[in-house]
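In what follows, a structure is listed as structure tokens, so that the remarks can point back to it.
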Amino acid sequence: LPHWGSSQYLEEHPYLMVDTSLFELGFKAKLLNSIDDLDEQTDGLIINGDNFQALNLMQDRYEKQVNCIYIDPPYNTDATPILYKNGYRHSTWLALISSRINKSIPLLTKDAPISLAIDDKELSNLSSMLEHEFSQFDLYKTIVIHYPGSGTGRSNVTRTHEYCLFLVPEDQDVLRGETIEKRTRERGFCRSGQGENNYRYGRPNSFYAVVVNPSTLEVIRVEPSPDLNESYPINDTEEGYKRIYPLGEDGSERCWTLSYETARDLVRDEKDILFCSPNLVIKRRYFDEASRGLLSSIWGEKKFSAVSHGTNLLTSLFGTGGVFSYPKSLFTVREALQAMSHSYSESLILDYFAGSGTTAHATISLNREDSGNRKYILVEQGEYFDTVVKPRIKKIVYSEDWNGGKPSLVQSKNDENIENPYKGISHCLKVVKLESYEDTLNNLELNRSPAQSDLFGDLTPAQQDDYLMHYMLDIESKESLLNVADFANPFDYQLKITVDSAGAYNVQNIDLIDTFNYLIGLKVRNIDYQLERGYVQVVGHLRTGELVTVFWRDCEQIGYDELDKTLQKLRINALDSEYKQIYVNGDHNINTKLTSTDGNERQLKVRSIEQVFLERMFAE
1205 LPHWGSSQYL EEHPYLMVDT SLFELGFKAK LLNSIDDLDE QTDGLIINGD NFQALNLMQD
1265 RYEKQVNCIY IDPPYNTDAT PILYKNGYRH STWLALISSR INKSIPLLTK DAPISLAIDD
1325 KELSNLSSML EHEFSQFDLY KTIVIHYPGS GTGRSNVTRT HEYCLFLVPE DQDVLRGETI
1385 EKRTRERGFC RSGQGENNYR YGRPNSFYAV VVNPSTLEVI RVEPSPDLNE SYPINDTEEG
1445 YKRIYPLGED GSERCWTLSY ETARDLVRDE KDILFCSPNL VIKRRYFDEA SRGLLSSIWG
1505 EKKFSAVSHG TNLLTSLFGT GGVFSYPKSL FTVREALQAM SHSYSESLIL DYFAGSGTTA
1565 HATISLNRED SGNRKYILVE QGEYFDTVVK PRIKKIVYSE DWNGGKPSLV QSKNDENIEN
1625 PYKGISHCLK VVKLESYEDT LNNLELNRSP AQSDLFGDLT PAQQDDYLMH YMLDIESKES
1685 LLNVADFANP FDYQLKITVD SAGAYNVQNI DLIDTFNYLI GLKVRNIDYQ LERGYVQVVG
1745 HLRTGELVTV FWRDCEQIGY DELDKTLQKL RINALDSEYK QIYVNGDHNI NTKLTSTDGN
1805 ERQLKVRSIE QVFLERMFAE
């Protein structure tokens, strides 16, 4: 057997995901250099961090691009503690939910719905808040039987259900439920209305003879439409076939539902569409595509069981129980996603209370089923991000089914013709980790004179708070929040990252390149890592469609004088029209010009990365 890390093994397991975080930067750079249209090739994005900060980061990059949102927020019970600073209860819990929904609305397309899972404890409060604060949406409620049988109650009434709420843009009809199978309808081919276009004089090109074999009732052909003022043959053809015209019972000259040319092609290419009844009436068959009915208000099937298809599913995936408490049934999330995005096989799905990653699992499952191109963004700050969410996605990409932590074959191993025995799926996953609020505080360094320190001690508590918020964070610590001097060597930018509750920390590298891409809302087309040459070039489009490039350099390798020569070699010219904007770090003397923005403002075509960073990070 080939070694698991060998090239032969990888060729035999093409759906085994490669985690670039386990390799040196050189490998990652070589891999990224080989991928064109990088963001378009990325199927999933998972963000480890506070969801409010993550939504902030997404604003420019994903504005009006999300097709639906599904969230399963903590239910505000002791069973589902919230991983945020306060012990949220009622109004403060509602403020948490409200602030996140408000922040996510600019990301939605105009017809995009939002789905929220909730139980009885906060249903009334949540419903009132949603109807009051988000009146631009209509609120719908469905009941999900997620604990059939025993339920969770300890007295009087056992709770076997929870709710799936939907916020639908006002007056939109977008939710759909079960699929209605394909069916065949038969209707008369002759138009029966009273309007002018139902008669020969109104549509002369739709008045013609349909030629039928009277023995077999087969439609043989259609004859060209006669001129409106001419007579037409009503006798049989030379072959003995019948000519049938669209004549009403009163003898009026009506017309067929299709023009002569369309009917001619239809009879030639689709023999079973037009047919003749025994009493010589021409009819037309309609083959309706599968469609979806309205969404049911009660989801009671066994597949919605949170035990069978939530808890037990994770046990099958990981080979052990207890990896995550109260996971949703995979099929509950699938139902919600299908209800909201049934008409989009290509859609972007957002979940900023990701939990165990069921939304990603459901999205991949739907794509596997219909070869769709749905993408997802998940945000989760829990410790299980690395132990459950990320490995769950990697597992389910490799194999559709698992048992005891091992992939399950779709068919017998003895079948020599199986090319994809685990039903693996091609998938590119991007993982982003955001610094926490605490990490930000740990990296603050105050630039304070002795006089300022003495003054601070003499202030009242209220004055100290005001000083902290309006001067210290804005002025004294600003350089430590973003030390532009460190941008001279941007590939080694580091922060102190907390690793345990005791306050211990590690110094870790921060990806300034990707951070800047999000700050300017850049959809990355490609990244050229040339670290041995001292630079990285990013090319992509802003949400306005403008092509821009971002040029990062190690200022020691590519100094003030060498910058022009390097840009010339890369054919980056500030005076031509290829790029709308060129961003460069460090001091430069590039000959540039003013360009107009969408707001008709004029700014330099070559812009300082450091200056833009400051503008975006400290914008009001």
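Counting in our numbering, the sequence shown runs from 1205 upward without gaps. The beta-carbon is built from N, C-alpha and C at its ideal position, and this holds for glycine as well.
Check: Based on the DSSP output, what are the partners of residue 1297 in its beta bridges?
Finding: In DSSP, residue 1297 forms no bridge with anything.
Check: What did DSSP end up calling residue 1616 once you bin it into helix, strand or coil?
Finding: At residue 1616 the pLDDT is 48, less than 50, meaning the model places this residue with poor confidence; the figure from the coordinates comes in the next sentence. Note: residue 1616 maps to coil in three-state DSSP.
Check: For residue 1330, which option in 1749, 1360, 1279 and 1376 has the closest C-alpha, if you only look at C-alpha atoms?
Finding: Looking only at 1749, 1360, 1279 and 1376, the smallest Cα-Cα distance to residue 1330 is reached by 1279.
Check: If you draw a straight line from the alpha carbon of residue 1621 to that of residue 1614, how long is it in whole angstroms?
Finding: Only weak support exists for where residue 1621 lies, its pLDDT of 43 falling under 50; the value from the coordinates is given anyway. Rounded to whole angstroms, residue 1621 to residue 1614 spans 12 Å at the Cα level.
Checklist line | Assumed close pair residue 1586, residue 1349 - CB separation to whole angstroms, cut-off 8 Å | finding: No, residue 1586 and residue 1349 are not in contact; Cβ-Cβ is about 27 Å, not under 8 Å.
Next item on the list: Just mark residue 1630 as buried or exposed, buried being the case when its beta carbon has 16 or more other beta carbons within 10 Å.
Entry: Counting C-beta atoms within 10 angstroms of its own C-beta, residue 1630 has fewer than 16 neighbours from the protein chains shown and is therefore classed as exposed.
Note to self: Could you tell me the alpha carbon to alpha carbon distance between residue 1268 and residue 1520, rounded to whole angstroms?
What the structure shows: Rounded to whole angstroms, residue 1268 to residue 1520 spans 38 Å at the Cα level.
Next item on the list: Decide yes or no for the touch test of the region 1473-1493 against the region 1376-1391: beta carbon pairs closer than 8 Å, at least 3 of them.
Entry: yes
Next item on the list: Would you list, in sequence order, the uninterrupted beta strand (DSSP E) runs of no fewer than 3 residues that lie entirely inside the region 1222-1264?
Entry: Qualifying beta strand (DSSP E) stretches, in chain order: 1248-1252.
Checklist line | Cβ contact check for the region 1362-1377 and the region 1341-1348: 3 or more pairs under 8 Å | finding: yes
Next item on the list: Decide if the region 1477-1485 is in contact with the region 1411-1423; the criterion is three or more beta carbon pairs, one per stretch, under 8 Å apart.
Entry: yes
Notebook entry, point to check: Where do the N-terminal and C-terminal ends of the alpha helix (DSSP H) with residue 1467 fall, by residue?
Noted result: That run of the alpha helix (DSSP H) goes 1464-1473.
Margin query: Going by DSSP, what residue range makes up the alpha helix (DSSP H) through residue 1522?
Written below: Per DSSP, residue 1522 is one residue of the alpha helix (DSSP H) stretching across 1516-1522.
Notebook entry, point to check: Does DSSP put residue 1708 in a helix, in a strand, or in coil?
Noted result: coil
Margin query: Please give me, in chain order, every unbroken run of the beta strand (DSSP E) with length at least 3 that falls completely inside the region 1708-1732.
Written below: 1709-1713
Checklist line | At least 3 beta-carbon pairs within less than 8 Å: the region 1748-1760 vs the region 1783-1790 | finding: yes
Note to self: Based on DSSP bridge pairs, tell me the residues matched to residue 1607.
What the structure shows: 1610
Margin query: Taking 7 Å as the limit between beta carbons, can you name the residues of its chain near residue 1762, skipping five residues before and five after?
Written below: 1738, 1739 and 1770
Margin query: Tell me the DSSP secondary structure of residue 1591 in three-state form.
Written below: The three-state reading of DSSP puts residue 1591 in helix, counting H, G and I together.
Next item on the list: Measure the beta-carbon distance from residue 1456 to residue 1403 and round it to whole angstroms, keeping in mind my assumption that it falls under 8 Å.
Entry: 7 Å
Checklist line | Whole-angstrom distance between residue 1464 and residue 1317, CA atom to CA atom | finding: 44 Å
Checklist line | For residue 1419, three-class secondary structure by DSSP | finding: In this structure, DSSP gives residue 1419 a state outside helix and strand, which the three-state scheme calls coil.
Notebook entry, point to check: Given a threshold of 16 other Cβ atoms within 10 Å of its Cβ, counted over all protein chains shown, does residue 1764 qualify as buried or as exposed?
Noted result: exposed
Margin query: Please state the DSSP three-state secondary structure of residue 1218.
Written below: Three-state DSSP puts residue 1218 in coil, outside helix and strand.
Margin query: Measuring alpha carbon to alpha carbon, tell me which residue in 1734, 1766, 1819 and 1584 is nearest residue 1720.
Written below: 1819
Next item on the list: List the endpoints of the continuous beta strand (DSSP E) containing residue 1785.
Entry: 1785-1788
Note to self: Here's a check: name, in chain order, each residue in its chain whose Cβ is nearer than 7 Å to the Cβ of residue 1637, leaving out the five neighbours to either side.
What the structure shows: Same-chain partners within the cutoff: 1252 and 1253.
Note to self: Beta-carbon within less than 7 Å of residue 1381's beta-carbon, same chain only, minus the 5 sequence neighbours each way: which residues are those?
What the structure shows: 1496, 1497, 1498, 1499, 1500 and 1543
Margin query: What would DSSP say about residue 1813, mapped onto helix, strand or coil?
Written below: In this structure, residue 1813 counts as helix in the three-state DSSP scheme.
Next item on the list: Verify whether the separation of the beta carbon atoms of residue 1714 and residue 1699 is less than 7 Å.
Entry: In this structure, residue 1699 lies closer than 7 Å to residue 1714 by Cβ.
Check: Helix, strand or coil for residue 1819 per DSSP?
Finding: In the three-state reduction of the DSSP assignment, residue 1819 falls in the helix class.
Note to self: Between the alpha carbons of residue 1395 and residue 1487, how many angstroms are there, rounded?
What the structure shows: About 11 Å.
Margin query: With distance defined between alpha-carbon atoms, name the residue in 1808, 1375 and 1354 nearest to residue 1314.
Written below: 1375
Checklist line | Three-state secondary structure (DSSP) of residue 1650 | finding: A caution first: residue 1650 carries a pLDDT of 49, below 50, which makes its placement in the model unreliable, though a value can still be read off. It is coil, neither helix nor strand.
Item checked: Endpoints, alpha helix (DSSP H) assigned at residue 1771 -> 1766-1773
Check: What is the residue span of the beta strand (DSSP E) that residue 1572 lies within?
Finding: First-last for residue 1572: 1562-1574, but that is the alpha helix (DSSP H), not the beta strand (DSSP E).
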